[in-house]
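Working notes, structure below.
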Amino acid sequence: MYCATLAAQSIQPGLLANLARTLTLSTPNPHRLPSKVAREDEHLLVAAAKSGDISAFEELVNRYERKIFRLTMNITRNREDAEDAMQDAFMKAYSHLDKFHEDSRFYTWLVRIAANEALMRLRKRRPNQISLDEPIEGEDDFIPQQIQDWGPSPEQRYAQTEMRDILRSVIDELPPDFRVVFVLRDVEGLSTEETADAMGISEAAVKSRLLRARLKLRQKLDRHLRQDGKH
Amino acid sequence: MNCDGVIRRVSSYIDGELEATVVEEIELHLKQCQDCTILVQQTRLTVHLYYDSDLVDFPVEVQARLHKTLRRKIDESRK
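Chain order of the listed sequences is E and G. Take 4 as the starting number for the first sequence in this note's numbering and just add one per residue. Take 73 as the starting number for the second sequence in this note's numbering and just add one per residue.
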């Protein structure tokens, strides 16, 4: 049965190990390695699922459910909405598998569906906080006032759980417009074009919001990571 | 290029999206400006810290409900 197969395969893979991998690298270079979810057999699973093989679709669900929930939670910041968005995203993916063109990655396609589901729910809850179109050209409040050195490997001064709490609290402070762009581009690794497409905004708007999001996050992290903040 | 110019381009700079002449101008400025050098490093580190970071728990009950719902809907759609 579908449920039994999913349950049997759904081992929660190393949450902390993944975090450790992310946080203990001290080289400040966001070089993008291919995501670990881009496994070579993805296209075989998708082809099998398209031909009606339910167990192949189950494997795709098992592979991506954690990441899709992370995405919908990061966008909505509401567990109920995030769960609904994730469920609807997988079901839509299943229903529209025949429309998926295999010249792109299934995971990217799935992320776009899930981002749309999550954004729809976020807009319902906060109709005035999500802009749909042009770059936000507001005040230059993102211009740094004071720059202080964080010292060598500032992230290693913290325990992994402590660092995780810092990163989570800081990203929560971002306005939704900025947070969504940052999550799609910098957490999920979508391109500018894919992010613009998922959000229904221009690429210029994505770039503008990403700049502000990154600078705001840097500024907020500065409170925790500056050299005199903790030793 | 002044500090303001670097700040407005820092995101495109670390993504490698700028033309070579603009990159040259930025890097010339960075050689002379410690604040901007630190800003670029810290912005890079910020992106690095968040990339593929697992900041959200995936509760077992959420996972169980997903599997149950998908099984029910898929079974219904195949009838």
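In this text, a Cβ means the ideal position worked out from N, Cα and C, and glycines have one as well.
Does E:Lys127 have its Cβ less than 9 Å from a Cβ in chain G? Position 124 of the first sequence, counting from 1, holds the residue named residue 127 of chain E. It does not; no Cβ of chain G falls within 9 Å.
With 16 other Cβ atoms within 10 Å as the buried cut-off, status of G:Gln104: What you label residue 104 of chain G is simply residue 32 of the second sequence in a count that begins at 1. Exposed.
Is there a C-beta anywhere in chain E that falls below 9 Å from the one on G:Ile98? Position 26 of the second sequence holds residue 98 of chain G. No, no contact with chain E.
Using a Cβ-Cβ distance under 9 Å, would E:Leu224 count as near chain G? Taking the first sequence and counting its residues from 1, the one referred to as residue 224 of chain E is at position 221. So, interface residue.
I need the straight-line Cα distance from E:Thr75 to G:Gln106, nearest angstrom please. Locating residue 75 of chain E in the first sequence gives position 72, where the first residue counts as 1. Locating residue 106 of chain G in the second sequence gives position 34, where the first residue counts as 1. If I take the Cα positions, the gap works out to 39 Å.
So, helix, strand or coil for G:Asn74, using DSSP? Numbered from its first residue, the second sequence carries residue 74 of chain G at position 2. Coil, per DSSP.
Residues of chain G with CB under 8 Å from E:Trp112, in chain order? The residue you call residue 112 of chain E lines up with position 109 of the first sequence. Going along chain G, no residue has its Cβ under 8 Å from E:Trp112, so there is no contact; the nearest lies around 17 Å.
Rounded to whole angstroms, what's the CA-CA distance from E:Asp189 to G:Phe130? Just pull it up for me. Numbered from 1 along the first sequence, position 186 holds the residue referred to as residue 189 of chain E. Numbered from 1 along the second sequence, position 58 holds the residue referred to as residue 130 of chain G. So the alpha carbons of these two residues sit roughly 20 Å apart.
Go ahead and label E:Arg66 buried or exposed: buried means 16 or more other beta carbons lie within 10 angstroms of its beta carbon, across all protein chains shown. As a first step, residue 66 of chain E must be located in the first sequence, where it is residue number 63. Buried, because 16 or more other Cβ atoms sit within 10 Å of the Cβ of E:Arg66.
Quick one: which residues of the stretch 103-120 of chain G get their C-beta closer than 7 Å to a C-beta of chain E? List them in chain order. Asp107, Ile110, Leu111, Gln113, Gln114, Thr115, Arg116, Leu117, Thr118, Val119 and His120
In chain order, what residues of the stretch 125-141 of chain G put their CB closer than 9 Å to some CB of chain E? Ser125, Asp126, Leu127, Val128, Asp129, Phe130, Pro131, Val132, Val134, Gln135, Ala136, Arg137, Leu138, His139, Lys140 and Thr141
Using a Cβ-Cβ cut-off of less than 9 Å, give me the residues of the stretch 77-92 of chain E that come near chain G, in sequence order. Asn77, Arg82, Ala85, Glu86, Met89 and Gln90
According to DSSP, is G:His139 helix, strand or coil? For the purposes of this step, residue 139 of chain G is taken as residue 67 along the second sequence, with counting starting at 1. Three-state result, G:His139: helix.
Which of helix, strand or coil DSSP assigns to E:Ile204: On the first sequence, residue 204 of chain E is found 201 positions in, with the first residue counted as 1. Note: E:Ile204 maps to coil in three-state DSSP.
At a Cβ threshold of 9 Å, is E:Ile139 touching chain G? For the purposes of this step, residue 139 of chain E is taken as residue 136 along the first sequence, with counting starting at 1. Confidence in E:Ile139 is poor, its pLDDT being 48 and thus under 50, which makes the residue's placement unreliable; the coordinate value appears in the next sentence. No - not a single Cβ of chain G is within 9 Å of the one on E:Ile139.
On a Cα-Cα basis, can you pick out the residue from E:Glu61, E:Lys127, E:Glu83 and E:Leu125 that is closest to E:Ala96? Stepping through the first sequence from its first residue, residue 96 of chain E is reached at position 93. Checking every option, the nearest Cα to that of E:Ala96 belongs to E:Glu61.
Please decide whether E:Phe109 counts as near chain G, where near means a Cβ-Cβ distance under 9 Å. For the purposes of this step, residue 109 of chain E is identified with residue 106 of the first sequence, where counting begins at 1. No, no contact with chain G.
C-alpha distance - G:Leu111 paired with E:Asp168, whole-angstrom precision: Here residue 111 of chain G refers to the residue found at position 39 when the second sequence is read from its first residue. Here residue 168 of chain E refers to the residue found at position 165 when the first sequence is read from its first residue. For G:Leu111 and E:Asp168, the distance between alpha carbons rounds to 23 Å.
Would you tell me roughly how many angstroms separate the C-alpha atoms of E:Ser194 and E:Leu170, rounded to the nearest one? Residue 194 of chain E sits at position 191 when you count from the first residue of the first sequence. Residue 170 of chain E sits at position 167 when you count from the first residue of the first sequence. Their Cα atoms are separated by approximately 22 Å.
What is the DSSP secondary structure of G:Glu97, reduced to helix, strand or coil? On the second sequence, position 25 is the one that residue 97 of chain G refers to. Of the three classes helix, strand and coil, the one that applies to G:Glu97 here is helix, per DSSP.
Hey, is the stretch 98-117 of chain E in contact with the stretch 195-202 of chain E, meaning 3+ C-beta pairs nearer than 8 Å? yes
With 16 other Cβ atoms within 10 Å as the buried cut-off, status of E:Lys210: In the first sequence, the residue the question calls residue 210 of chain E occupies position 207. E:Lys210 should be labelled buried.
Comparing the C-beta of G:Lys151 with each C-beta of chain C, is any distance below 9 Å? Among the chains of the structure shown, chain C does not appear; the protein chains present are E and G.
Any beta-carbon of chain G closer than 9 Å to the one on E:Met94? In the first sequence, residue 94 of chain E corresponds to position 91, counting from 1. Interface residue, yes.
Does DSSP classify E:Glu137 as helix, strand or coil? Numbered from its first residue, the first sequence carries residue 137 of chain E at position 134. Bear in mind that the predicted position of E:Glu137 carries a pLDDT of just 46, short of 50, making it unreliable; the figure below should be weighed with that in mind. Note: E:Glu137 maps to coil in three-state DSSP.
As assigned by DSSP and simplified to three states, the class of E:Leu214: Taking the first sequence and counting its residues from 1, one reaches residue 214 of chain E at position 211. Correct three-state label for E:Leu214: helix.
Own chain partners of E:Arg128 with C-beta closer than 8 Å, once the 5 adjacent residues on each side are dropped: Locating residue 128 of chain E in the first sequence gives position 125, counting from the first residue. These residues qualify, in order along the chain: Thr79, Asn81 and Asp84.
Within 9 Å (strictly less), CB to CB, does G:Val95 reach chain E? Taking the second sequence and counting its residues from 1, the one referred to as residue 95 of chain G is at position 23. Chain E contact via Cβ: absent.
Taking buried to mean at least 16 other C-beta atoms within 10 Å of its own C-beta, is E:Ala52 buried or exposed? Counted from its first residue, the first sequence places residue 52 of chain E at position 49. Under this definition E:Ala52 is a buried residue.
What number of angstroms, rounded off, separates the C-alpha of E:Arg120 from the C-alpha of E:Phe72? Here residue 120 of chain E refers to the residue found at position 117 of the first sequence. Here residue 72 of chain E refers to the residue found at position 69 of the first sequence. The question names Arg, yet the displayed sequence has Glu at residue 120 of chain E. Taking the straight line joining both Cα atoms gives about 12 Å.
Do we get a CB-CB distance below 9 Å when we pair E:Glu62 with the residues of chain G? By one-based count along the first sequence, residue 62 of chain E stands at place 59. Not one chain G Cβ lies under 9 Å of E:Glu62.
Please go through the same chain and pick out, in chain order, the residues whose beta-carbon is closer than 7 Å to the beta-carbon of E:Leu224, but skip the five residues on each side of it. Mapped onto the first sequence, residue 224 of chain E falls at position 221. Taken in chain order, the residues that qualify are Val173.
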